[in-house]
Amino acid sequence: MVLDGFTMNKNMIIAIVAVAAIAVVGVSAFVFLGGNHSSSEDYAATYTSDISTDSSKTYAAVDTPMRVFGNVNGDMYLNEADVTALKALIDAGTWNSSTQPLADTNLDGVLDQKDVDRLNKFIKGEKTTMAYLDWNNKAATAPYPLTDYLGSNYGIYTEFSTGLDMGIILGIYNKFTYMANGDIGPSDLDTAMYPDAGNIKQVSIKTPGLEALYSGKVRVMMGDPKFLGGYVADAESLGFTVIKLPENRFINDIGCGDTLVTMGALCNAQDKTKAYIDFCDKVEAKILAANAAVSTPLSYVIPYTAPGYLPEIYVDGRGTGTMVTSDVETVDMLPVTSKMSTTAIDGFDKVDAESIVALDPDTFIVSMFGYSSSKSYTVDQIKKVFTDFVELGFDASTAGTNDRVFAMPFENCSLAGIACVLVLGSMLYPSEINADEAWALMNEYYHTFTNFDDSKDVKDSKFAPLSYAALKS
């Protein structure tokens, strides 16, 4: 199957983690899912883990997005099939802890009835502790089920809206508290996509700060590793449970698709995530077919822009570290190769237009910083930012003269990327990917998994991929 938050090596889909966001401003935030913070029945407020973890131990990467201990058979779900597989391993005495780490449901180093009992608690939705593999492939724990608390982080629309997008799918959208140290908050979001966004509770990360938030019985936070990482130690020292699963970046090949599927287990909401998984399966066949049909992949470079940023331009490559932006991972599902891998420019950096044009890829895929989720920008304004960007010299490039300059909103580099990338693919390879089918699937995604108006066509929205050739004509 394919998930956004997963990438393809051209012959198979490989599970990877993360959420797409590039930080271009010094804005950070957390979203805490809280419900009634004063309730004495809030499980996370009274939770104490009964599973011991070894922070020095790093596990081998697993090839499933369902990263919880108890996923014995390595598929996308926790169910009776895992109980059957676990009992078979116990009876046969053939468990290999190196290749089957997730079978050890209670992390005690042995498989026995205690593992079966805990797994049955998961399936029944009973309160207990659940362990999972975090973004560093280390074991971490959380209160189960996580029905009252979830986190997202920092500030320019997509980075915050990705958490809300997960909340919509998981059925917990209405339980957020937004914690920020910047000026952009929920009130900036488009209420057509995020109803009542202006009334989402917002507090400062500095005042009242982590201590006051903890006193208010908020106990669990979650967010992107780039900015959440600076707060993990302080938060954990106060007693917070930090869910170390990424939202807007890939880290160690773990992305937002992996996070959503794993959160489906942690929140006991697998019935909600199943629909997303089933949708991804439908898209996978078309992406695989396109990869098989294309003999010479196009090279690409991803530059970035946003309203008010020009003439400043940013560019993104695969980089050499463990953290990669999900724009790259999303685009790499298609039969393309990154031109950045052969240049001196490495990673996400500010670069002048002339230097980017000189890279001379077959196509430029412009990532529009996440302003499509903002109520402040219209479709025409988004289009103008794109055309102004291209006319800095990209229109005269090899890609420009061959009508291969496209734009993809940031929002489509996170959970929605699995649908958007097919439309982008139909623009790059019109003979291999049917455009009508691609647009139909993108509409299905937005009408099923978001609050996008069912009576409208996503093709006419701020979330649609753009072709410079179409706009200039």
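The opening position of the sequence shown corresponds to residue -3 in my numbering, with each subsequent residue numbered one higher.
Ideal placement from N, C-alpha and C gives every residue a C-beta, glycine not left out.
In this text, all values refer to a predicted model and were calculated from it rather than measured experimentally.
Cutoff 8 Å; reference residue i; Cβ partners in own chain excluding five residues on either side
i: L467; result: K379, F382 and T383
i: A57; result: N133, N248 and D249
i: L206; result: Y227, D230, A231, L234 and F236
i: E76; result: I119
i: T49; result: L103, A127, K134, A135, A136 and T137
i: L411; result: D0, G1, V15, T158, D161, M162, I165, C252, G253, L256, Y272 and F445
i: L262; result: V64, M126, Y128, A138, Y140, P141, L142 and I239
Between the CA atoms of residue j and residue i - distance to the nearest angstrom
i: A84; j: S51; result: 29 Å
i: D453; j: Q377; result: 18 Å
i: P405; j: M364; result: 5 Å
i: T258; j: G251; result: 11 Å
i: L107; j: L129; result: 18 Å
i: D328; j: V375; result: 26 Å
i: V401; j: N439; result: 23 Å
i: D59; j: A285; result: 22 Å
i: T125; j: D192; result: 33 Å
i: A340; j: N430; result: In this prediction, A340 has a pLDDT of 49, which is less than 50 and means its spatial position is unreliable; what the coordinates show is noted afterwards. Approximately 36 Å, taken between the alpha carbons.
i: D323; j: L306; result: 20 Å
i: V112; j: R245; result: 34 Å
i: K282; j: S45; result: 43 Å
i: I298; j: L209; result: 39 Å
i: V311; j: S94; result: 39 Å
i: N116; j: I47; result: 16 Å
Three-state class that DSSP yields for residue i in the structure shown
i: L107; result: coil
i: M72; result: coil
i: D384; result: helix
i: A188; result: coil
i: T60; result: coil
i: I470; result: With the chain covering -3 to 469 only, the question about residue 470 has no answer from this structure.
i: T397; result: helix
i: N439; result: helix
i: A208; result: helix
i: T137; result: strand
i: L82; result: helix
i: T237; result: strand
i: D230; result: helix
i: V214; result: coil
i: S457; result: coil
i: A403; result: strand
i: F448; result: coil
i: L160; result: helix
i: I119; result: helix
i: I152; result: Here I152 scores only 42 on pLDDT, less than 50, and its place in the model is too uncertain to base an answer on.
N- and C-terminal bounds of the alpha helix (DSSP H) containing residue i
i: Y300; result: Premise fails: Y300 lies in the beta strand (DSSP E), L294 to T301, not in any alpha helix (DSSP H).
i: D323; result: S322 to V327
i: M423; result: G413 to L424
i: T255; result: C252 to L262
Local Cβ density within 10 Å of residue i, reported as buried at 16 or more and exposed below that
i: E325; result: buried
i: D100; result: buried
i: G31; result: For G31, the predicted model reports a pLDDT of 42, less than 50, meaning its position is unreliable and no value from the coordinates is stated.
i: A135; result: buried
i: D356; result: exposed
i: E243; result: buried
i: T321; result: buried
i: T54; result: exposed
i: N195; result: exposed
i: N287; result: buried
i: S457; result: buried
i: G66; result: buried
i: T301; result: buried
i: G105; result: exposed
i: S451; result: exposed
Continuous beta strand (DSSP E) stretch holding residue i: start and end
i: I361; result: T359 to M364
i: T54; result: Unbroken run through T54: none, as it is neither H nor E.
i: V347; result: It is not in any beta strand (DSSP E) - V347 carries neither H nor E in the DSSP assignment.
i: L129; result: T124 to L129
i: D277; result: Careful: D277 lies outside any beta strand (DSSP E), inside the alpha helix (DSSP H) at Q266 to A289.
i: T101; result: No beta strand (DSSP E) holds T101; DSSP gives it neither H nor E.
i: D312; result: Y310 to D312
i: I168; result: No beta strand (DSSP E) holds I168; DSSP gives it neither H nor E.
i: T333; result: V332 to S334
Cut-off 7 Å between Cβ atoms - residues of its own chain near residue i, not counting five sequence neighbours on either side
i: D186; result: S369, S370 and K371
i: I86; result: L107 and D108
i: G167; result: A265 and K268
Cut-off 6 Å between Cβ atoms - residues of its own chain near residue i, not counting five sequence neighbours on either side
i: S393; result: V353
i: T333; result: P293 and S295
i: V68; result: D78, A81, L82 and A99
i: Y442; result: F448 and V454
i: Y43; result: P139
i: D399; result: A465
i: M4; result: With a pLDDT of only 42 at M4, under the threshold of 50, the placement of this residue in the model should not be trusted; the figure read from the coordinates follows. Cβ neighbours of M4 beyond the five flanking positions: M329.
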